[in-house]
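Trainee: Dropping the structure in here first, questions after.
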Amino acid sequence: MERERILNTEGGHQKGKVPARNLLSDEISRDLKRRGFKYMGSITIYSHLQACGIINDHRENCFRYHDILENYPVVRKREKV
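Going from the sequence shown to the working numbering is simple: count from 1 and add 51.
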């Protein structure tokens, strides 16, 4: 399976307001809770998606930001929470 990224481009993010959750993490959290996972909140899921590299939350001035954009496709931009 191809590795796909969600690029976080929120204006607030670039001003130092890093999000803690998004619509995807909310949806995954609800699904896991429905399946019996009690402690899988949206923030935990969002952190996991960042750690796995699914969500790119690097700032534009970070050395990893452009490297990730060049080497891995971006599927979609992050929705507002």
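Where a beta carbon is used, it is the ideal one built from N, C-alpha and C, also for glycine.
To which residues does DSSP link residue 69 through a beta bridge?
Mentor: None; residue 69 has no bridge partner.
Trainee: What does the alpha-carbon distance come out to for the pair residue 105 and residue 92?
Mentor: 17 angstroms
Trainee: Assuming residue 73 and residue 97 make a contact with CB atoms under 8 angstroms, what is their CB distance in whole Å?
Mentor: 6 angstroms
Trainee: With a 10 Å radius around its C-beta and 16 neighbouring C-beta atoms as the bar for buried, classify residue 122 as buried or exposed.
Mentor: exposed
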